[in-house]
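In short: position in the sequence shown from 1, add 284, done, that's my numbering. Each residue gets a CB set at the ideal place from its N, CA and C atoms; glycine is no exception. Taking it in order: structure first as structure tokens, then the write-up.
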Amino acid sequence: MDMGLRNRAVLITGATANIGAATALAFGREGARVALTYCHNKDGAQQVACEIAKAGGSAYVLPFDLEDPDAAQKLVDNVADHWGGLDVLVNNAVRWADTGPGPMETTFDETPDWERLLNANLSGHMRVIYAAIPVLRKSPAGRIVTLSTSVIRRGVRGAAIYTAAKAGLHGLTRSLAWDVGKDGILVNLVLPGWTMDPSPEPMPAELQFLLDEHCKNTPTGRLTASRDVASTIVFLCSSANGSITGEEVWVTGGFC
Numbered sequence: 285m286d287m288g289l290r291n292r293a294v295l296i297t298g299a300t301a302n303i304g305a306a307t308a309l310a311f312g313r314e315g316a317r318v319a320l321t322y323c324h325n326k327d328g329a330q331q332v333a334c335e336i337a338k339a340g341g342s343a344y345v346l347p348f349d350l351e352d353p354d355a356a357q358k359l360v361d362n363v364a365d366h367w368g369g370l371d372v373l374v375n376n377a378v379r380w381a382d383t384g385p386g387p388m389e390t391t392f393d394e395t396p397d398w399e400r401l402l403n404a405n406l407s408g409h410m411r412v413i414y415a416a417i418p419v420l421r422k423s424p425a426g427r428i429v430t431l432s433t434s435v436i437r438r439g440v441r442g443a444a445i446y447t448a449a450k451a452g453l454h455g456l457t458r459s460l461a462w463d464v465g466k467d468g469i470l471v472n473l474v475l476p477g478w479t480m481d482p483s484p485e486p487m488p489a490e491l492q493f494l495l496d497e498h499c500k501n502t503p504t505g506r507l508t509a510s511r512d513v514a515s516t517i518v519f520l521c522s523s524a525n526g527s528i529t530g531e532e533v534w535v536t537g538g539f540c
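Next comes the structure, spelled out in structure tokens:
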């Protein structure tokens, strides 16, 4: 199927690994022009850019920090100047707590920098969207997809700030779809569950046990891979999607 993405200008924030990298490569395979950002892992971003070029797309690597209030406008202006416009925005970047992704031992009342995390993971995405809308309005098929998480439904210890920010993106998506719908811009939210990509490294026994237990609660008996989430994002941003907007699209592998 022709997804109508050839030569479309795409901006993906946080595209150095996992879902972000898989999404950037998926757009590259469709012949898109992909701008991908990194915060610390420039080498990872450059590697993804090389893979995009091999897949038939074009890549442009830029630094971006969700916490910098001035970075969003500079980023969008840079990409629009480089590609001559912007058709697709994928908000994937995330600011983890200092302990990194996943369940944490530090609870909400023990987190001194919670305002910083909330600002990055909610306002940070809003700033990028705010900067991108005037450019997307000029596109014949503007698309916005923002990444949330299935954790907002079930919760997890130590993630109160992260899930609060991600939950805020739901209200943003619902109302933003009405604000820009008449301009032809479709806006959606994708909520991945636990993802697992192939790795040459053996998994510790205790983590393997948790993985096996989790997989028992999925119809397929496996976790969703980053490429599965990427395929969903590409569809929502393609010409194959003509009317899906303001929606929350769960990509959890049927986890119950």
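Residues that residue i bridges to, as DSSP identifies them
i    : result
L475 : W534
I336 : DSSP output for I336 lists no bridge partner at all.
Q344 : Here residue 344 turns out to be Tyr, not Gln, going by the sequence shown. Answer is A319.
T508 : T479
Secondary structure of residue i, DSSP reduced to three states
i    : result
S374 : Here residue 374 turns out to be Val, not Ser, going by the sequence shown. Three-state result, V374: strand.
A449 : helix
L350 : coil
T516 : helix
L470 : strand
S423 : coil
A415 : helix
S522 : coil
P387 : With a pLDDT of 49 at P387, under the threshold of 50, the modelled position of that residue is not reliable, and the figure given next carries that caveat. Looking at P387 - three-state DSSP - the assignment turns out to be coil, as it is neither helix nor strand.
G442 : coil
T529 : coil
G328 : helix
G288 : coil
R458 : helix
W380 : coil
D393 : helix
Range covered by the alpha helix (DSSP H) that runs through residue i
i    : result
L309 : N302 to R313
P503 : No alpha helix (DSSP H) holds P503; DSSP gives it neither H nor E.
T297 : Counting along the chain, T297 falls outside any alpha helix (DSSP H), though it belongs to the beta strand (DSSP E) covering A293 to T297.
N403 : No alpha helix (DSSP H) contains N403, which DSSP labels as neither H nor E.
W367 : A355 to W367
I436 : V435 to R438
Classification of residue i by the beta-carbon crowding that lies within 10 angstroms, buried from 16 upward
i    : result
L285 : The sequence given here has Met at residue 285, not Leu. It counts as exposed.
S522 : buried
H409 : buried
G505 : exposed
S510 : buried
C334 : exposed
P503 : exposed
P418 : exposed
D467 : exposed
T391 : exposed
A514 : buried
N291 : exposed
W367 : buried
A337 : exposed
N472 : buried
S527 : exposed
P387 : Confidence at P387 is low in this model, with a pLDDT of 49, below 50, so its placement is unreliable and the value that follows should be read with caution. Exposed: under 16 other Cβ atoms inside 10 Å.
Residue span of the beta strand (DSSP E) that contains residue i, given as start and end
i    : result
T430 : R427 to L431
Candidates the options, of which the one nearest residue i by Cα
i    : options                   : result
A524 : S434, D463, L295 and A425 : A425
K450 : G288, E399 and S434       : S434
N376 : C323, A337 and A443       : C323
V378 : K358, L402 and V533       : L402
D354 : E394, V372 and Y414       : Y414
S407 : A337, G455 and V533       : G455
L295 : S432, A416, I303 and G442 : A416
K422 : G369, V374, R400 and T447 : G369
G530 : G537, G477 and I469       : I469
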